[in-house]
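Counting from 1, one number per residue, gives the positions in the sequence shown under our numbering.
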Amino acid sequence: MRLHRLEMTAFGPFGSTQTVDFDELSAAGLFLLHGPTGAGKTSVLDAVCYALYGKVPGARESGHSGAQGSPLRSDHADPAVSTRVTLELTVAGRRLEVTRQPAWLRPKKRGSGTTPEKAQSLLREYDTAAGLWKTTGSRSHQEIGEEITQLLGMSRDQFCQVVLLPQGDFARFLRADAEARGKLLGRLFATERFGEVEKRLAERRRSTEARVKEADADLLARAHRMQQAAGDAMELPALAPGDPGLAETVLTAAAVARSTAREQLAVARSALDAAETSREQVLRETSEARELARLQRRFAEAREQARRLEEGAAAYREAQEVMERSRKAEAVAPALDLRRSAEAEHRRAAAAEERARDRLPAGLADDGAAGLAAAARRAAEELGGLESARRAESRLHALAAERERLDRQERADEEALQEAEEWLAGWEETRAALQDRVDAAQEAAARAEQLAARQEPARRRLEAARERDRLAVRAEAARDEAAAARESALAAHEHWNTLREQRLDGIAAELAAALRDGEPCPVCGSPDHPAPAGKDVGHVDRATEEAARLDHRTRQQQADEAERRHAGLREALAAAVAEAGEEPAAHLARELAELTERHRAEHLAASNLHPAREELRRAEQEHARRTAARQEAAVRAAARVGHRERLDQERATLARELTEARGAAVSVAARAAQLENAVALLDAAAEAARAAETAAHRLKDADARLADAAYRAGFDTPRAAADALLDAAAHRALQRRLDAWQHEHAAVRAVLAEEDTAAAAQLPPVDLTAATAALDAADLRVRRTASAHDAAVRRCADLDRLSAEAHRAARALAPLRAEHDKVARMAGLAAGTSADNERRMRLESYVLAARLEQVAAAATARLLRMSSGRYTLVHSDGRSGRGRSGLGLHVVDAWTGRERDTATLSGGETFFASLALALGLADVVTEEAGGVRLDTLFIDEGFGSLDDQTLDEVLDVLDSLRERDRSVGIVSHVADLRRRVHAQLEVVKGRQGSAVRQRGAVSR
C-alpha cells in the first residue's frame, strides 16, 4: 500500500481545504510531520484512517466533538462548506481514490435553520488504458470499508497498529504483564477464536457436569423412592449427586432390599392361608347356629299368632253375620234407588211451581193450570194488535235521526267553507315560497355537477401521491436489499479468492499427487521425485474452488437482479412524482376531503328538488280541491232547506197516531214489552203447575213398590232394609277383613305342622352373640393377614420396577460420566488449570506465544542495529510468580550475557526497543494479512529520549526501509530532526484553523 495524495476540507482543526502530496514527501524515503502542540499533526493521520475505514483510530473516535452535528467537522469551517476527506492510494496493484463525507447539518436552501445531510462515500479506480477515473459502484461507508479491508487484508485496529505506529503503546507493551500483552496481540492477530474454543470447552464441561449431576440426582431420587417402598428392608448411606460410586452403591442396596421383601412376602402368604382356613370353619358353625335360631323364632311366632286369632274369633263371626244381611238387602236396592229419585223430582217440581206463582199478579196466583193458560192467550191477542203502532214509532225515530244528520251536515259545511276561505286567502304566498325552493335546489344541482367533475382528478392525484410514498419506502428497502446483495457478492468473491490462494499455495501437493516414478515432472522435468510435497490439513482442491466460484457468480447475479429491481422502483417513483408533484399526500387528502364535503353538501341540497316539486304540485292540487269543495258546500246548503220542511210535516202526523196507541205507557215499545212479559210469566206458571202434579203421582207409586220389595227380602220395614245395605267401600273393607283372618289362620296351622320347626322348638335356645363375635374375630384376622400380604406384594412389585428404572438410569449415566471426564480433561488443558499443562498456559496464550516469537525475531534484526549489536529481544514462556506462562518478553544484553526483563531498559533504550518491536510487529502482521506491501508507514513521537548517536542509528534503520521501497513519516516535536530530515510536512495553527505546509527533499 502506498499513499499518493490526501485532501481534507473542514476536517478536525482544518477549516479550509488542505492538500498533502505524499508522492513528493516519499521521494526521499523519510519525511517529518511536525508542528506545535494542538496544531493537528495527529488529525492528518486520523484523516488517512477515516478515508480508508470511515472511522478515526479507536482512542480518538469519541474525542472529536465538532460543530453542526458531526463529530469530525471543524469548528473553523464555513457553515455552507461540507466536511470531506479524499485519499488517493495504490493497493494490490490498483490505483484508488476514496472520498468520504460524514453526516452533518447544512444550512437550509430556503428559510433559516439547518437540515441534516446524510453521509456520502465514493470509491473510484484509475483506468490506465482509458486514462480516466471510473466509479466502482460502491457508495456506502460499509461497502467501501469492506472493500478496502479486503484489499489491505487488515482491520482498522491492525492498520492503526501497523501503519500508524503509536510508540507509547509499544513502550507500555514492553513493560506490560502477560495479560496486557495478550489483549494487544489477540486484537492484532485475531486469536479470539482460540479464546472462544476455551469458552466453548468450559461451557461443555459445565454442561456435561450439570447433566451428570442431574442424572445422579435422578438416580438418587429413585433410590429414596425404593427406600420408602422397602421400609426397614433397605439401608441407604448418605450420598450426594456427583459422588463417586453412587450408582454401584444404589444398585447394591436395591438388590438387598428386593431379597428381604421376597422373604417377607412368603411369611405373609403362610399367615393368610391359615387365617382363611380358620374363618371357613367358624363361618360353617355360625351358619348352623343362625338356622336353628331362625326355626325356634318361627315356631314361637306361630304359637303367638294362633293365640291372637283365637281371641278374635267372636269378632270374625259377627262380621260374617253383617255380610249375610248386606247380601239380602241388595235385592231391595233398586226399589230404594227408584223411591229416592221420585222424591227428589217431586221436591224440584214443587219448588219451581212456587217460584212461578210468586212472579204472577195477586189476582192470578191461586188459579189452576187451565186458568193460567187462558190468561196467557188473552195477553197474546192484545200484543198482536200493537204491530202497526210499533212500525210508526220506528219511522218517527228515523225521521228524528235524519233531521239530526241534516243539522250536522250543515255545521260541517259551514266549518269547511270557513277553512277553505282561510286557506285560499294565503295561496299566493305559499305558491311563491314553494317555487323559490325549487329554484334553489336546481342551482345546487348545477354546483354539485361542477364539483363532481373536479373530484376525479383530485382523487387520481391523491392515489398517485400515496403510490409515490409507497414506492419511496419500497425503493429504500430495495436499495438496502441491493446493498446487502452486493455485500454478499463481495464476501463470496473474497471467499473464492481465499480458496484460490490456498489452492495455489498447495498446488505443489496437487501436482505431486499426479507424479509417477520414471516419468518427468511437469514443473522441473526430472524423472526422479525424491521428496514430493504432501497435502496439508484443509487442502483446497479444484472442486472446492469451482464451487466457491459458482457461488460468487450466483451471488453476483442476485446482486445485479437486486440493482435492476431498485432501478425499476426508482423509475416508477419518478413517474409517480411527475403525476402527484411534491405535495404531501396528507395535504392532497385534505383537499379531496374538502371537495367531497362540498359536493356532499351541494348534492344534499340538490336532493330537495324532487320533494320541492312534489310539494308544489300537491299544493296546487289542494288549491283546486278546496275551490271545488267551497262550491259543493253552497249547493248542499240550498238543497237542505226543502228536505227539512218535508221531514217536519211527517213527524207531526206520526206523533198523533202513537199517542192514541200507547195509552198510559211511555211508548208503544214499552206497552208491547209489558204484554210480552205477562204472556211469558203466565205460560211458565201453567207449565210448572202441570209438572208438580205429575211428580206427586210418581212418588206415590215408588213408595208402594219399596214396601213390597222389603217384605219379600225378609225385612220388617223398608227402613230396616236400607240400614242393612252396605255401600261398595264398606263391603270391600269387610270382605278383606274376613279373607285376611282365614289366610292367617291357615298359615299358622301350616307352620305348627312343620316337623323340623317343631323339633327345633324342643332344643335349648341358641347363643347367636357368641357365634357372631367368633365370626367377626375370624374376619378381622383374615383382613389383617390379607392387608399384610398385599403390602408385601406391592413392596416386591415396586422394588422390582424401581430397581429396573435404577438399572436403566445407571446405564444411561455411564456415557454421560465418560463424556464429562473427557471434556473436563480437555477444558482444563485448554484453560491451563490441568496438571498435564505444566506451564499453566492457556490455548490462546499458546498461539499468541508463537506469534510473539516471530515478532521478537523480526524486531531483533532492527534492534541489533539500533543498539550497536548490544540488545536482542527473546520470547519467554516462563511463569511469573504464581501466574501463568506463555507471553513473557525479555531482552538479552550482549555486554553482560544476561537475560533480563524489558522493564529494566532506560527511556532511550525503551524507545528504540519499542520502535524495533513496532516495525517487527508490522512485518509479521503484514505477512499474516496475506503479504500486502505497506509502502507508507508513520511513527508517532518518542525521538526526544535519544542521544545523537542513538538517533543517528535509529534514523539509519528507518532510512534502510527505503531499500524495500518504503517511505516512513516521523511525527515528532524534536527540533534536531528538522535539520536531519529534509522532506517535511509542517502543520501551522491559527485563529481561522490549521493549515499544512509541505517541503520536498533536497540532496544531502
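All residues carry an ideal CB built from backbone N, CA and C; glycine is no exception.
Please report the straight-line C-alpha distance between Val635 and Arg651, rounded to a whole angstrom. Within the sequence shown, residue 635 is the residue found at index 635, counting from 1. Within the sequence shown, residue 651 is the residue found at index 651, counting from 1. Taking the straight line joining both Cα atoms gives about 26 Å.
For Glu693, count neighbouring Cβ atoms within 10 angstroms of its own Cβ and tell me buried if that reaches 16, exposed if not. Taking the sequence shown and counting its residues from 1, one reaches residue 693 at position 693. Exposed.
For a test of the three-state rule: what should DSSP assign to Glu754, helix, strand or coil? Within the sequence shown, the letter at position 754 stands for residue 754. Coil at Glu754, not helix or strand.
Rounded separation between Ala684 and Ala695 - CA only: Here residue 684 is taken as the residue at index 684 of the sequence shown, counted from 1. Here residue 695 is taken as the residue at index 695 of the sequence shown, counted from 1. Computed Cα separation, rounded: 17 Å.
Out of Arg870, Gly869, Ala861, Arg898, point me to the one whose CA is closest to Asp923's CA. Locating residue 923 in the sequence shown gives position 923, counting from the first residue. Nearest of Arg870, Gly869, Ala861, Arg898 to Asp923, Cα basis: Ala861.
Rounded straight-line distance, which links the Cα of Ala792 to that of Val782: Translated into the one-based positions of the sequence shown, residue 782 becomes position 782. Translated into the one-based positions of the sequence shown, residue 792 becomes position 792. Approximately 15 Å between the Cα atoms of the pair.
Helix, strand or coil: how does DSSP classify Pro815 here? Residue 815 sits at position 815 when you count from the first residue of the sequence shown. Correct three-state label for Pro815: helix.
Note down the Cα distance separating Ala753 from Tyr316, rounded to an integer number of angstroms. Start at 1 with the first residue of the sequence shown, and residue 753 comes out as number 753. Start at 1 with the first residue of the sequence shown, and residue 316 comes out as number 316. Their backbone Cα atoms lie some 24 Å apart in a straight line.
Exposed or buried, what is Gly54 when buried is set at 16 or more other beta-carbons lying within 10 Å of its beta-carbon? Residue 54 sits at position 54 when you count from the first residue of the sequence shown. Buried.
Would you kindly work out how many angstroms separate the C-alpha atoms of Glu7 and Gln998, rounded to a whole number? In the sequence shown, counting from the first residue as 1, residue 7 sits at position 7. In the sequence shown, counting from the first residue as 1, residue 998 sits at position 998. Straight-line Cα distance between these residues: approximately 13 Å.
Start and end of the beta strand (DSSP E) containing Ser967? In the sequence shown, residue 967 corresponds to position 967, counting from 1. 967 to 971 is the span of the beta strand (DSSP E), which, as asked, contains Ser967.
Cα-Cα separation between Gln18 and Val81, rounded to whole angstroms: Numbered from its first residue, the sequence shown carries residue 18 at position 18. Numbered from its first residue, the sequence shown carries residue 81 at position 81. If I take the Cα positions, the gap works out to 13 Å.
Close-in-space but distant-in-sequence residues of the same chain around Leu647 (CB under 7 Å, 5 per side omitted): Position 647 of the sequence shown holds residue 647. The answer, listed in chain order, is Leu399, Glu402, Arg403.
If you measure between the beta carbons of Val981 and Leu30, is that distance less than 8 Å? Position 981 of the sequence shown, counting from 1, holds the residue named residue 981. Position 30 of the sequence shown, counting from 1, holds the residue named residue 30. Contact flag set, yes.
Could you pull out every residue in the same chain whose Cβ sits closer than 6 Å to the Cβ of Glu345, ignoring the five residues on either side in sequence? The sequence position of residue 345 within the sequence shown is 345, counting from 1. Answer for Glu345: Ala695, listed in chain order.
Relative to the alpha-carbon of Leu887, which residue among Ala578, Ala913, Gln557, Gln854 has its alpha-carbon at the smallest distance? Working through the sequence shown from its first residue, we reach residue 887 at position 887. Answer by Cα proximity: Gln854.
CB-CB length for Ala688 against Ala319, believed under 8 Å: For the purposes of this step, residue 688 is taken as the residue at position 688 of the sequence shown. For the purposes of this step, residue 319 is taken as the residue at position 319 of the sequence shown. Contact doesn't hold; Cβ gap of about 50 Å is too wide.
By the three-class DSSP mapping on this structure, what secondary structure does Asp517 have? In the sequence shown, the residue the question calls residue 517 occupies position 517. If DSSP states are grouped into helix, strand and coil, Asp517 belongs with coil.
Delimiting residues of the alpha helix (DSSP H) encompassing Ala586: Along the sequence shown, one-based indexing puts residue 586 at 586. Counting along the chain, the alpha helix (DSSP H) containing Ala586 begins and ends at 585 to 606.
Going by beta-carbon coordinates alone, are His789 and Ala268 separated by less than 8 Å? Position 789 of the sequence shown, counting from 1, holds the residue named residue 789. Position 268 of the sequence shown, counting from 1, holds the residue named residue 268. Yes. Within cutoff.
Can you tell me which of the three DSSP states Lys328 falls into? Numbered from 1 along the sequence shown, position 328 holds the residue referred to as residue 328. Three-state DSSP puts Lys328 in a helix.
In whole angstroms, what separates the C-alpha of Glu301 from that of Leu283? Numbered from 1 along the sequence shown, position 301 holds the residue referred to as residue 301. Numbered from 1 along the sequence shown, position 283 holds the residue referred to as residue 283. Each residue's alpha carbon lies about 27 Å from the other.
So within the segment 11 to 63, which uninterrupted beta strand (DSSP E) runs reach at least 3 residues, ignoring any that extend past its ends? 14 to 21, 30 to 34
CB Asn608 to CB Ala432, shorter than 8 Å? Counted from its first residue, the sequence shown places residue 608 at position 608. Counted from its first residue, the sequence shown places residue 432 at position 432. Result no, Cβ atoms of Asn608 and Ala432 do not sit closer than 8 Å.
Check each candidate in Ala619, Arg479, Ala733, Leu654 and name the one with the smallest Cα separation from Arg570. Your numbering for residue 570 matches position 570 in the sequence shown. Ranking Ala619, Arg479, Ala733, Leu654 by Cα distance to Arg570 puts Arg479 first.
Considering just the uninterrupted stretch of the alpha helix (DSSP H) at Pro334, what are its terminal residues? Counting from one through the sequence shown, the residue named residue 334 turns up at place 334. Taken as a continuous stretch (DSSP letters only), the alpha helix (DSSP H) holding Pro334 covers 333 to 358.
In the DSSP assignment, find the alpha helix (DSSP H) that holds Gly888 and state where it starts and stops. Residue numbering aside, residue 888 sits at position 888 when the sequence shown is read from its first letter. Note, Gly888: premise wrong, no alpha helix (DSSP H); beta strand (DSSP E) at 888 to 893.
By how many angstroms is the C-alpha of Gly990 removed from the C-alpha of Ala1020? Nothing in the structure corresponds to residue 1020, since the chain is present only between 1 and 1004.
For Ser121, the residue or residues it bridges with in DSSP: Position 121 of the sequence shown, counted from the first residue, corresponds to residue 121. DSSP, once it has assigned bridges, lists Arg100 as partnering Ser121.
Straight-line CA distance for Thr769 to Ala797? Taking the first residue of the sequence shown as position 1, residue 769 is located at position 769. Taking the first residue of the sequence shown as position 1, residue 797 is located at position 797. The straight-line gap from Cα to Cα measures roughly 42 Å.
By a C-beta neighbour count over all protein chains shown, 10 Å radius and 16 as the cutoff for buried, is Leu132 buried or exposed? Counting from one through the sequence shown, the residue named residue 132 turns up at place 132. Its Cβ having fewer than 16 others within 10 Å, Leu132 is exposed.
Reference Lys328; option with closest CA among His820, Ala720, Arg705: Taking the first residue of the sequence shown as 1, we reach residue 328 at position 328. Ranking His820, Ala720, Arg705 by Cα distance to Lys328 puts Ala720 first.
Taking Ala274 as part of the alpha helix (DSSP H), name the residues at either end of that continuous run. Position 274 of the sequence shown, counting from 1, holds the residue named residue 274. From DSSP, the alpha helix (DSSP H) with Ala274 extends over 246 to 311.
Cβ atoms of Leu123 and Glu88: under 8 Å apart, would you say? Taking the first residue of the sequence shown as position 1, residue 88 is located at position 88. Taking the first residue of the sequence shown as position 1, residue 123 is located at position 123. Not closer than 8 Å, so no.
Are Leu52 and Val98 touching if we call contact CB-CB under 8 Å? Here residue 52 is taken as the residue at index 52 of the sequence shown, counted from 1. Here residue 98 is taken as the residue at index 98 of the sequence shown, counted from 1. Cβ distance < 8 Å, so Leu52 and Val98 count as in contact.
If you run the structure through DSSP and keep just helix, strand and coil, what is Pro116? The sequence position of residue 116 within the sequence shown is 116, counting from 1. It is a strand residue.
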